[in-house]
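For this note's numbering, add 710 to where a residue sits in the sequence shown, where the first one is 1. Here is the structure we will look at, set down as structure tokens.
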Amino acid sequence: MRILFCGDVVARSGRDVIQKYIPHLKKAWALDSVIVNGENAQHGLGLSEKVCDALYKAGVDVITTGNHVWDCKGMFSYIEKDPRVIRPINFMNTVPGKGFFVHDTPKGAILVLNAMGQVFMSPQLDNAFPILSDFLKVYPLGRNKIKAIIVDFHAEATAEKIALGYHLDGTVSLVVGTHTHVPTNDARLLDKGTAFLTDAGMCGDYRSIIGFPCDDEALAARYLKKVPLANKPEPPQGEGTLCGVFLETNDQTGLATRVHSVRLGANFSEVCPDDLPCRGGG
Ligand SMILES: [Fe+2]
Ligand SMILES: [Fe+2]
């Protein structure tokens, strides 16, 4: 299987880079699935039916979320009718939506899981480690036609994310962190065959402070005076960058054979697998 996972899509700049690159990458890289974290896709905070439709239209197959999942009105009902949008699995069972989705592809099923960390995170959910490992005992790689398992671990602390990578090593195809909006440079294969990346980064305008304004007024209010901004901060809407991770898995074992960071767009030097074309018509 070939899978692309993209980090938190932030506002219009993030949606624009998804629309610009994904249709080309999906074909040129023969991707079986494209997964994005959409928790900031609607104006930086939350997501909506309209935004999800735009992401699907670009070729996105599954949308994960995190602490901002409920920021837009209407998500409680929307998430119940669209199973492709998932919320962290460690919310209580009675909370709307699900923490997993099975993407059926012509080559087999891809199970996508979403969980949230506990270190420096709000809200404080139950411990994801036993919840995920218990779930994976019921839905292991290789059974129920599951050819690959992707875990989006939405967490702040690098150590907590790395720890989950080792905790799940050998039982899933990829553990990828989201939430910090900053891409880390540590994509690697762990010893038992799980691919790992501490944080995928954001899809959005990096001339910002993780998607929020970086102008003098915003800096002074938030970081010098420690007071609220006079007006609600507007997410910067300059040209963005797509940040994520490319994964290739073994169809027999479901484990990873290759993992590579992807960074395409205005803000960083281009990073993508050497043998794959990064630019197409878009
Ligand atoms: Fe985010
Ligand atoms: Fe988040």
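Think of the CB as a built atom: it goes at the ideal place given N, C-alpha and C, for glycine as much as any other residue. If you're wondering where the values come from, they're calculated on a predicted model, not measured in any experiment.
Can you tell me where the beta strand (DSSP E) holding residue i begins and where it ends?
i: T951; result: T951 to T959
i: K857; result: I856 to H864
i: D814; result: F810 to T815
i: M699; result: Residue 699 lies beyond the range of the chain shown here (711 to 992); nothing can be said about it.
i: T774; result: V772 to T774
I believe residue i touches residue j by the beta-carbon criterion, under 8 Å. Please report the beta-carbon distance rounded to the nearest angstrom.
i: F863; j: G827; result: 6 Å
i: I728; j: V770; result: 7 Å
i: I789; j: G807; result: 4 Å
i: S883; j: L957; result: 7 Å
i: D901; j: D926; result: In fact, because the Cβ distance is near 48 Å, the residues do not count as touching under 8 Å.
i: V779; j: E749; result: 6 Å
i: F839; j: L874; result: 7 Å
i: D742; j: I773; result: About 17 Å; that fails the 8 Å criterion.
i: G887; j: S723; result: Going by Cβ atoms, the distance from G887 to S723 rounds to 21 Å, so no, they are not a contact pair.
i: N701; j: I841; result: Since the first residue of the chain shown is 711 and the last is 992, residue 701 is not available in this structure.
i: V805; j: R898; result: Wrong, their Cβ atoms sit about 33 Å apart, outside the cutoff.
i: V744; j: K736; result: 6 Å
i: A684; j: C953; result: Nothing can be reported for residue 684: it is not among the residues displayed for the chain, which extend from 711 to 992.
i: P850; j: N824; result: Wrong, their Cβ atoms sit about 18 Å apart, outside the cutoff.
Provide the residue span of the alpha helix (DSSP H) that contains residue i, from first to last.
i: R722; result: A721 to A738
i: G875; result: T868 to L878
i: L884; result: Counting along the chain, L884 falls outside any alpha helix (DSSP H), though it belongs to the beta strand (DSSP E) covering L884 to T888.
i: L929; result: D926 to L929
Could you have a look at residue i and say whether DSSP puts it in helix, strand or coil?
i: I799; result: coil
i: V848; result: helix
i: C982; result: coil
i: C762; result: helix
i: L835; result: coil
i: V969; result: strand
i: F906; result: strand
i: L974; result: strand
i: G991; result: Because the pLDDT of G991 is 45, which lies under 50, any placement of that residue in the model is unreliable, and the number read from its coordinates should be weighed accordingly. Correct three-state label for G991: coil.
i: F786; result: helix
i: I920; result: coil
i: L714; result: strand
i: P893; result: strand
i: L757; result: coil
i: R932; result: helix
i: L899; result: strand
Just jot down, in chain order, the residues whose CB lies closer than 5 Å to any heavy atom of ligand 2. G776, N777 and H889
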